[in-house]
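Visitor:
Protein chains: 2
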Amino acid sequence: MATILVHVMPKPEILDPQGKAVGAALPRLGFDGVAQVRQGKRFELTVDGEVTDEVLAKVRQAAETLLSNPVIEDVVEVTVAQESA
Amino acid sequence: MATILVHVMPKPEILDPQGKAVGAALPRLGFDGVAQVRQGKRFELTVDGEVTDEVLAKVRQAAETLLSNPVIEDVVEVTVAQESA
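Read top to bottom, the protein sequences are chains A and B.
345 is the number that this note's numbering gives to position 47 of the first sequence; each next residue is one higher, with no gaps.
316 is the number that this note's numbering gives to position 18 of the second sequence; each next residue is one higher, with no gaps.
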């Protein structure tokens with residue numbers, strides 16, 4: 299079994315209300331120096347067997363069709379997770 | 299300006315309905331071989347100035363108090379993003 303990480307973020311030009319809300323709250327809680335916060339999604343997909351280029355391509359396709367909304371989001375990363383020791 | 303990435307995932311023992319829903323949909327859309335899907339959050343924090351250990355510690359503290367719910371979520375990663383070329 300292997301784990302593939304998929305990271306999805308809102309497109310830069312898209313308004314990110316969640317990120318804005320978090321960004322506004324940080325100074326109120328004493329965390330200064332953070333100019334901007336953007337919030338996206340992280341998926342961990344556990345796949346059977348070995349991760350071949352074909353499997354990665356299939357996962358990227360699933361990421362672009364099911365795990366993200368291509369109109370407002372970008373798939374920024376599809377990588378194989380390092381096995382934790 | 300630098301960007302710090304914060305990754306938050308549901309605790310392993312916690313039910314992850316969103317992940318389950320995505321995991322169930324994948325085979326219906328022709329993506330087989332995915333045993334499990336877990337969905338979490340990814341934050342990109344743009345910070346002023348240099349990222350020192352103290353800044354990273356402050357961001358980790360903000361992650362554990364504001365960006366995640368420590369009862370049901372774990373902060374799995376706090377890293378400085380590579381500057382994109």
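By construction, the Cβ of each residue, glycine as well, lies at the ideal position given by its N, Cα and C atoms.
It should be emphasised that the depicted structure is a prediction, and the values quoted were computed from it without experimental measurement.
1) So is residue 369 of chain A buried or exposed if we call it buried at 16+ other beta carbons inside 10 Å?
2) In terms of DSSP beta bridges, what is residue 369 of chain B paired with?
3) Can you pull the chain B residues whose beta carbon is under 8 Å from the beta carbon of residue 355 of chain A, in chain order?
4) Output yes if chain A places a C-beta closer than 8 Å to the C-beta of residue 364 of chain B; else output no.
5) Within 10 angstroms of the Cβ of residue 340 of chain B, are there 16 or more other Cβ atoms? Answer buried if so, exposed if not.
6) Which residue from A:375, A:344 and A:346 puts its Cα closest to that of residue 358 of chain A?
7) Do the CB positions of residue 365 of chain A and residue 304 of chain A come within less than 8 Å of each other?
8) Give me, in chain order, the residues of the same chain whose beta-carbon lies closer than 8 Å to that of residue 380 of chain B; leave out the 5 immediate sequence neighbours on both sides.
Guide: According to the structure shown:
1) By 1-based counting over the first sequence, the position of residue 369 of chain A is 71. When all chains shown are included, residue 369 of chain A counts as exposed.
2) Position 71 of the second sequence, counting from 1, holds the residue named residue 369 of chain B. Answer is none; residue 369 of chain B lacks a bridge partner.
3) Taking the first residue of the first sequence as 1, we reach residue 355 of chain A at position 57. None at all; the shortest Cβ gap to chain B is about 11 Å.
4) Counted from its first residue, the second sequence places residue 364 of chain B at position 66. Yes, residue 364 of chain B counts as interfacial toward chain A.
5) The residue you call residue 340 of chain B lines up with position 42 of the second sequence. Counting Cβ neighbours within 10 Å, residue 340 of chain B comes out buried, since at least 16 surround it.
6) Residue numbering aside, residue 358 of chain A sits at position 60 when the first sequence is read from its first letter. Among A:375, A:344 and A:346, the Cα nearest to that of residue 358 of chain A is on A:375.
7) The count along the first sequence starts at 1 and reaches residue 365 of chain A at position 67. The count along the first sequence starts at 1 and reaches residue 304 of chain A at position 6. Yes.
8) Taking the first residue of the second sequence as position 1, residue 380 of chain B is located at position 82. Contacts found: none.
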